[in-house]
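J.:
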Amino acid sequence: ALNISRIGTWRGWRADQSRTIPRHSVSRTQLDAGARQLEIDVNYDPQGGHYARGSSDPKLQRPGFKVLHIPGIDNASSCVLLTECLGIVRDWSARHPRHVPILLMFNAKDEQNAARGGIDALPFDAAAYDALDAEIRSVLAPARLIVPDDVQGRYPTLRDAVLADNWPLLEASRGKFLFALDEPPAKVAVYRGARRSLEGRVFFINTDEASPAAAYLTLNDPVRDAERIRRDVRAGFLVRTRADANTREARANDGVPRDTALAGGAHYVSTDYLWPDPRFAGGYRVALPEGDVARCNPVRIAKQCGDLEGSAR
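Note that my numbering has the sequence shown beginning at 130, numbered continuously upward.
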């Protein structure tokens with residue numbers, strides 16, 4: 130699984146991302162189109178109802194994590210309950226059992242939004258993260274997950290295992306999911322707690338290369354971070370970068386960050402543009418060459434190997 134590259138999406142659950150895609154099928158449509166990484170904004174709501182003000186959606190009254198970008202301001206999610214979102218990808222996976230590993234990248238939302246008319250998010254403490262792991266495991270069976278313990282094996286630390294290329298091989302990883310907590314050091318430290326690495330946890334965490342828990346890195350600027358991305362990919366770390374941000378590249382039809390990202394070896398390249406946006410001239414979009422869903426990683430493997438999913442879709 131370490132030797133392949135694929136495309137992902139940013140704000141993968143935003144119902145307003147395309148006016149042509151029904152609200153309930155945004156994520157399925159992206160997966161059908163070849164996205165193998167989705168981003169999820171998750172909000173802690175153990176009692177239920179915390180994010181219900183101003184909404185008539187009864188699902189907001191239920192206990193459990195909610196998928197909302199800015200609660201009370203931007204609730205445009207294609208599925209409100211995290212369990213619902215996970216069920217969508219689980220069921221899609223069951224229909225496409227030979228897909229390459231899908232990365233679900235989480236933002237643990239804790240912003241205070243009341244001052245701008247929204248709803249203050251509840252903090253993510255250790256109990257919240259424990260509940261998040263448990264909710265994921267309630268939907269996805271162990272056989273469907275690649276977790277830090279699977280990579281670490283008998284190595285002293287997760288980092289040691291990664292530097293020894295102890296990631297599961299592709300055939301053993303098909304039909305499975307990885308989870309990454311894409312948050313700054315203070316927040317991932319709460320998730321990690323007193324563990325030496327990430328023993329018993331579901332998520333890999335965004336950290337630096339020296340940490341005993343190092344396995345996954347978010348490096349958002351494929352041009353500025355080009356050499357670091359290549360170095361980390363060669364070393365064995367899993368890397369995710371972005372082809373575009375805030376519509377800049379699409380408006381200017383600027384393919385330099387995209388092309389640099391695709392050539393640079395990041396395992397997941399995120400975009401807002403699996404399809405061109407008709408509002409912008411130039412037809413900017415992001416896809417692997419030949420329309421492949423997954424290909425050999427150009428930094429890890431020199432040869433071309435075609436689409437690693439092929440007819441699996």
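Cβ atoms here follow ideal geometry from the backbone N, Cα and C, with glycine treated the same way.
Please state whether the Cβ-Cβ distance between V413 and N382 is less than 7 Å.
T.: Here residue 413 refers to the residue found at position 284 when the sequence shown is read from its first residue. Here residue 382 refers to the residue found at position 253 when the sequence shown is read from its first residue. Inspection of the sequence shows that residue 413 is occupied by Tyr rather than by Val. Contact flag set, yes.
J.: In the DSSP assignment, what are the bridge partners of L299?
T.: Start at 1 with the first residue of the sequence shown, and residue 299 comes out as number 170. According to DSSP, which records beta bridges pairwise, L299 is partnered with nothing at all.
J.: Buried or exposed, going by whether 16 or more other CB atoms sit within 10 Å of the CB of E438?
T.: Along the sequence shown, read from residue 1 onward, the residue named residue 438 stands at position 309. That one is buried.
J.: Measure the Cβ-Cβ separation of L348 and V368 and say whether it is below 7 Å.
T.: Within the sequence shown, numbered from 1, the residue matching residue 348 stands at position 219. Within the sequence shown, numbered from 1, the residue matching residue 368 stands at position 239. Closer than 7 Å, so yes.
J.: So E451 packs on A250, CB below 8 Å; how close in whole Å?
T.: The question about residue 451 has no answer, for the chain in this structure spans 130 to 442.
J.: Relative to the alpha-carbon of R273, which residue among R303, F253 and F235 has its alpha-carbon at the smallest distance?
T.: Taking the first residue of the sequence shown as position 1, residue 273 is located at position 144. Checking every option, the nearest Cα to that of R273 belongs to R303.
J.: Check whether the region 172-189 and the region 217-225 touch, using three or more Cβ-Cβ pairs below 8 Å as the test.
T.: No, the region 172-189 does not touch the region 217-225.
J.: Could you give the residue range of the beta strand (DSSP E) that holds Q166?
T.: For the purposes of this step, residue 166 is taken as residue 37 along the sequence shown, with counting starting at 1. Taken as a continuous stretch (DSSP letters only), the beta strand (DSSP E) holding Q166 covers Q166 to N172.
J.: Report the partner residues of S399 according to the DSSP bridge assignment.
T.: In the sequence shown, residue 399 corresponds to position 270, counting from 1. DSSP output for S399 lists G137 and R371 as bridge partner(s).
J.: Taking the straight line between their C-alpha atoms, what separation do you get for L287 and V362?
T.: Counting from one through the sequence shown, the residue named residue 287 turns up at place 158. Counting from one through the sequence shown, the residue named residue 362 turns up at place 233. Whole-angstrom Cα-Cα distance: 16 Å.
J.: Of the residues W139, L327, L299 and A256, which one's Cα is nearest the Cα of G282?
T.: Numbered from its first residue, the sequence shown carries residue 282 at position 153. Closest by alpha carbon: L327.
J.: Closer than 7 Å by C-beta to Q176: which residues in its own chain qualify, once you throw out the five before and the five after it? Chain order, please.
T.: Position 47 of the sequence shown, counted from the first residue, corresponds to residue 176. Only P192 meet the Cβ criterion.
J.: Distance check for N132 and K432, CA to CA, integer angstroms please.
T.: As a first step, residue 432 must be located in the sequence shown, where it is residue number 303. As a first step, residue 132 must be located in the sequence shown, where it is residue number 3. C-alpha separation (whole angstroms): 11 Å.
J.: Just list the residues that DSSP pairs A423 with in beta bridges.
T.: Counting from one through the sequence shown, the residue named residue 423 turns up at place 294. DSSP, once it has assigned bridges, lists R135 as partnering A423.
J.: Under the three-state reduction of DSSP, which class applies to L437: helix, strand or coil?
T.: On the sequence shown, residue 437 is found 308 positions in, with the first residue counted as 1. If DSSP states are grouped into helix, strand and coil, L437 belongs with coil.
J.: According to DSSP, is V331 part of a helix, a strand, or is it coil?
T.: Within the sequence shown, the letter at position 202 stands for residue 331. DSSP places V331 in coil when its eight states are reduced to three.
J.: Mapping DSSP to helix, strand and coil, what is A431?
T.: In the sequence shown, counting from the first residue as 1, residue 431 sits at position 302. If DSSP states are grouped into helix, strand and coil, A431 belongs with coil.
J.: For E378, count neighbouring Cβ atoms within 10 angstroms of its own Cβ and tell me buried if that reaches 16, exposed if not.
T.: Locating residue 378 in the sequence shown gives position 249, counting from the first residue. Buried, by the Cβ-count rule.
J.: Between the C-alpha atoms of H153 and A372, what's the straight-line distance to the nearest angstrom?
T.: Taking the sequence shown and counting its residues from 1, one reaches residue 153 at position 24. Taking the sequence shown and counting its residues from 1, one reaches residue 372 at position 243. Legend: pLDDT at H153 = 38, less than 50; position of this residue unreliable, value from coordinates given subsequently. If I take the Cα positions, the gap works out to 26 Å.
J.: Look at the Cβ atom of G394, then the Cβ atom of V428, and state whether they are nearer than 7 Å.
T.: If you number the sequence shown from 1, residue 394 lands on position 265. If you number the sequence shown from 1, residue 428 lands on position 299. In contact: G394 and V428 (Cβ atoms closer than 7 Å).
J.: For L307 versus P230, is the C-beta spacing smaller than 7 Å?
T.: On the sequence shown, residue 307 is found 178 positions in, with the first residue counted as 1. On the sequence shown, residue 230 is found 101 positions in, with the first residue counted as 1. Yes; because the gap between Cβ atoms is below 7 Å, this pair is in contact.
J.: Using DSSP bridges, identify the partner residues of V196.
T.: By one-based count along the sequence shown, residue 196 stands at place 67. Paired residues: V171.
J.: Relative to the alpha-carbon of A364, which residue among W296, E419 and R330 has its alpha-carbon at the smallest distance?
T.: For this step, residue 364 is matched to residue 235 along the sequence shown. The residue with the shortest Cα to Cα distance from A364 is W296.
J.: Are the Cβ atoms of A130 and L299 separated by less than 7 Å?
T.: For this step, residue 130 is matched to residue 1 along the sequence shown. For this step, residue 299 is matched to residue 170 along the sequence shown. Yes, Cβ-Cβ distance for A130 and L299 is below 7 Å.
J.: What do you get for P252, buried or exposed, if any count of 16 or more other CB atoms within 10 angstroms of its CB means buried?
T.: As a working note, residue 252 is residue 123 in the sequence shown. With fewer than 16 Cβ atoms within 10 Å of its Cβ, P252 is classed as exposed.
J.: Kindly give me the distance between the Cβ atoms of I275 and R245, rounded to whole angstroms, as I take these residues to be in contact under 8 Å.
T.: On the sequence shown, residue 275 is found 146 positions in, with the first residue counted as 1. On the sequence shown, residue 245 is found 116 positions in, with the first residue counted as 1. Going by Cβ atoms, the distance from I275 to R245 rounds to 38 Å, so no, they are not a contact pair.
J.: My output table needs one value for A237: the three-state DSSP class, helix, strand or coil.
T.: Reading the sequence shown from its first residue, position 108 is the one you call residue 237. It is a strand residue.
J.: Please classify V280 as buried or exposed, where buried requires at least 16 other C-beta atoms within 10 Å of its C-beta.
T.: Within the sequence shown, numbered from 1, the residue matching residue 280 stands at position 151. When all chains shown are included, V280 counts as buried.
J.: Closest to R380 by C-alpha separation, out of E168, A339 and Y402, would be which residue?
T.: What you label residue 380 is simply residue 251 of the sequence shown in a count that begins at 1. Ranking the options by Cα distance to R380, first place goes to Y402.
J.: Do you know whose CA, among Y180, V268 and I136, lies nearest P162's CA?
T.: Within the sequence shown, residue 162 is the residue found at index 33, counting from 1. The amino acid at residue 162 is misidentified as Pro; the sequence shows Ala. A162 has its Cα closest to that of I136, out of Y180, V268 and I136.
J.: Whole angstroms are fine: how far does the CA of D311 sit from the CA of H396?
T.: The sequence position of residue 396 within the sequence shown is 267, counting from 1. The sequence position of residue 311 within the sequence shown is 182, counting from 1. Approximately 15 Å between the Cα atoms of the pair.
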